[in-house]
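Numbering (the numbering used here), first residue to last: 912 to 1225. Here a beta-carbon is modelled for each residue, glycine too, at the ideal position from N, C-alpha and C. Heads up, the thing below is written out as structure tokens.
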């Protein structure tokens, strides 16, 4: 059992104008290979967009939402109060890859809450929040090392075709509304469709936040890796694909398909040199000026190639 209380940003110490986070997590070992647990998170937002990273602010109506690819609530400059909770369950089977060649883990989270904007002391808008997110990662270890594996990673988040225009928001909220980056989805093996961790200053991709601007998403990755020399020389081939659960104006639901690869050489303990490459074929989702930066045509398909040196020092 774990519980915590965190003050995300301190604004004016004499005022009730901060964002606080509370969390509780419980995990139960059901056997040698199976774990199950539950979690509850609660954010109390009274900051009205103040604080946060740099000039971007924080919260439901801040510039930060557009920067991180989340949904921006239509409060404008009106003050607001938000109470948001995440209630979920998760499991893990053979997480250390030692009890069986098969392994899996996943979660289901329900996002509930409300956000209210004010005109003076009167409630101007009262928006209810009810969203759903789920993830399943499963694989098969066919060789000697953990890198000799085939892994599939699937993701679903609900979306809302009307945004919050009907005072109901059916998408999901993440920590990316209050920090940057604050909700890292980087363990999937993708590079361009979903964010990758090997970046200089911040991570960015076609789907930077799993809420996908409030449209929701259905997608996943497939990765085949192998140690050509055990614990020394590794290679990986992967692909990623995604669909938006809501079509943006002027666009479709297919977001794109990615192909990627990696070769890594282990120089020593916690030290490696790696060559990475990826190409993303954008889908008709990006025909929409709403999501492509205001252009009337689809952007050019992106690609990346880079050399990385990793050294974990203690």
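Check	Outcome
In the DSSP assignment, find the alpha helix (DSSP H) that holds residue 1148 and state where it starts and stops.	Where residue 1148 is concerned, there is no enclosing alpha helix (DSSP H), although the beta strand (DSSP E) it sits in stretches over 1144-1155.
On the DSSP bridge assignment, give the partners of residue 1027 in chain order.	992 and 1037
Which first and last residues belong to the alpha helix (DSSP H) in which residue 976 is found?	975-979
Given a threshold of 16 other Cβ atoms within 10 Å of its Cβ, counted over all protein chains shown, does residue 1201 qualify as buried or as exposed?	exposed
Closest to residue 1199 by C-alpha separation, out of 1184, 1162 and 1088, would be which residue?	1162
So which of 946, 941 and 954 has the shortest CA-CA distance to residue 929?	954
Is it the case that the segment 1093-1108 contacts the segment 1010-1029, given that we only count it when at least three CB pairs across the two stretches are under 8 Å?	no
For residue 1087, which three-state DSSP category applies?	helix
CA-CA distance, residue 960 and residue 1074?	19 Å
Can at least three beta-carbon pairs, one atom from the segment 964-978 and one from the segment 931-938, be found at a separation below 8 Å?	no
Taking residue 1169 as part of the beta strand (DSSP E), name the residues at either end of that continuous run.	1165-1179
For residue 1064 and residue 1034, I'd like the C-alpha separation in whole angstroms.	42 Å
Are at least three pairs of beta-carbons, each pair with one atom in the segment 1148-1159 and one in the segment 1177-1184, less than 8 Å apart?	no
State the DSSP-derived secondary structure class of residue 1002, mapped to helix, strand or coil.	strand
Span of the beta strand (DSSP E) holding residue 1121?	Looking at the DSSP string, residue 1121 is not in any beta strand (DSSP E), and its letter there is neither H nor E.
Beta carbon of residue 1066, beta carbon of residue 1131: below 8 Å?	yes
So, does the segment 1072-1087 touch the segment 976-984, judging by three or more C-beta pairs under 8 Å?	yes
In terms of residues, what are the limits of the beta strand (DSSP E) holding residue 938?	930-940
State the start and end residues of the unbroken beta strand (DSSP E) segment that holds residue 1182.	1182-1193
Given a threshold of 16 other Cβ atoms within 10 Å of its Cβ, counted over all protein chains shown, does residue 1169 qualify as buried or as exposed?	buried
Under DSSP, the beta strand (DSSP E) around residue 1075 begins and ends at which residues?	That residue, residue 1075, is in no beta strand (DSSP E); it is neither H nor E in DSSP.
Taking the straight line between their C-alpha atoms, what separation do you get for residue 940 and residue 1187?	37 Å
Applying the 10 Å Cβ sphere with the 16-neighbour rule, what's the burial state of residue 937?	exposed
Of all the options 994, 1122, 1004 and 1107, which has the alpha carbon lying nearest to the alpha carbon of residue 1171?	1107
For residue 1117, which option in 1105, 1052, 1029 and 1124 has the closest C-alpha, if you only look at C-alpha atoms?	1105
Note down the Cα distance separating residue 879 from residue 952, rounded to an integer number of angstroms.	In this structure the chain extends from 912 to 1225, so residue 879 is not present and cannot be described.
Pick helix, strand or coil for residue 986, following the three-state DSSP scheme.	coil
Can you tell me whether residue 1105 is helix, strand or coil according to DSSP?	coil
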